[in-house]
Ligand SMILES: C[S@@+](CC[C@H](N)C(=O)[O-])C[C@H]1O[C@@H](n2cnc3c(N)ncnc32)[C@H](O)[C@@H]1O
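And the structure:
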């Protein structure tokens, strides 16, 4: 994912965005309970959640509407939500408190470096990325989070049988996702038509999905299952 060791190519631009007083309070009071502080050590998820259960990671949760609703729907699973936008983190913290949800922990740093350094191999049962920034200009395509190296990293972290679920309203990005994932023999496309999947009924409508739909964009879901066997670095 890096152009040079000194200048990482990031999939996000930190937007300024003012914090509301409610978000600010949530960050002060609730972050110590729900937040995962930056560190170099690999996380023991059983210890973090005080229970042994499947771990699902959502990358780029925005305002977190999908995160808290999935956590409520799938209360037996543990969720890690990752987002760099501070007001969005504050918003999710408020929702976790309002809906009394305990099976979510939040990371506020670059998902790529978090996954590289803090997550053990084959420790995830799912990764969900909904409406990632499409970076439509050709010169920005390298900023898209779904890239060969990133998919290779996910293949190492997702346990056999686990699912990578992506959704986007930007057709050229959907094509790109299909191409990159299609080249990775560690993942099997769950689409019966060999390309896109039906939207699962449980997938929550997000802010960016609503925006895409308003603009008349078609929404694409992709679901790939991690196949058995070691991740093969030579396949992507
Ligand atoms: C287009 S928004 C979509 C938000 C939400 N999933 C939705 O559907 O409404 C993409 C989000 O991903 C976040 N993001 C992008 N790259 C990220 C990264 N590497 N680590 C953490 N968050 C990232 C951005 O800050 C942004 O909020």
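In the numbering used here, the protein residues as written are 1 to 236.
All residues carry an ideal CB built from backbone N, CA and C; glycine is no exception.
The structure displayed is predicted, hence computed values, not measured ones.
Beta-carbon contacts of residue i that lie in its chain and below 7 Å, excluding the five residues immediately before and after
i           : result
residue 236 : With a pLDDT of 42 at residue 236, under the threshold of 50, the modelled position of that residue is not reliable, and the figure given next carries that caveat. Excluding positions up to five away in sequence, the list reads 148, 151, 152, 183, 184.
residue 104 : 34, 67, 68, 71, 79, 81, 96
residue 15  : 85
residue 228 : 160
residue 121 : 156, 157
residue 101 : 68, 71, 72
residue 22  : 94
residue 135 : 141, 143, 144
residue 53  : 76, 77, 78
Outcome for residue i when other beta-carbon atoms lying within 10 angstroms are tallied against a minimum of 16
i           : result
residue 64  : buried
residue 91  : buried
residue 73  : exposed
residue 162 : buried
residue 13  : exposed
residue 180 : buried
residue 226 : buried
residue 201 : exposed
residue 76  : exposed
residue 171 : exposed
residue 215 : exposed
residue 192 : exposed
residue 42  : exposed
residue 39  : exposed
residue 62  : buried
residue 11  : buried
residue 234 : Bear in mind that a pLDDT of 47 at residue 234, under 50, signals an unreliable position, so the model cannot answer this.
residue 194 : exposed
residue 2   : A caution first: residue 2 carries a pLDDT of 48, below 50, which makes its placement in the model too unreliable to give a value.
residue 230 : exposed
Paired residues, beta bridge with residue i - DSSP
i           : result
residue 124 : 158
residue 81  : 58, 106
residue 63  : In DSSP, residue 63 forms no bridge with anything.
residue 36  : 107
Same chain only: Cβ atoms within 8 Å of residue i, ignoring 5 sequence neighbours per side
i           : result
residue 213 : 169, 219
residue 221 : 165, 166, 167, 196, 197, 198, 199, 200, 203
residue 207 : 62, 63, 65
residue 18  : 87
Assigned secondary structure, residue i (DSSP; H/G/I helix, E/B strand, else coil)
i           : result
residue 215 : coil
residue 88  : helix
residue 165 : strand
residue 178 : helix
residue 224 : strand
residue 186 : coil
residue 130 : strand
heavy atom of ligand 3 below 8 Å from residue i C-beta
i          : result
residue 85 : In the structure shown, ligand 3 is absent; the only ligands present are ligand 1.
Cβ neighbours of residue i in the same chain (closer than 6 Å, five flanking residues each side left out)
i           : result
residue 188 : 225, 227
*Give a yes or no on contact between the region 110 to 117 and the region 45 to 53, applying the rule of three or more CB pairs nearer than 8 Å.*
no
*asked:* Under 8 Å: do the region 49 to 60 and the region 129 to 139 share three or more Cβ pairs, one atom per stretch?
replied: Yes, the region 49 to 60 touches the region 129 to 139.
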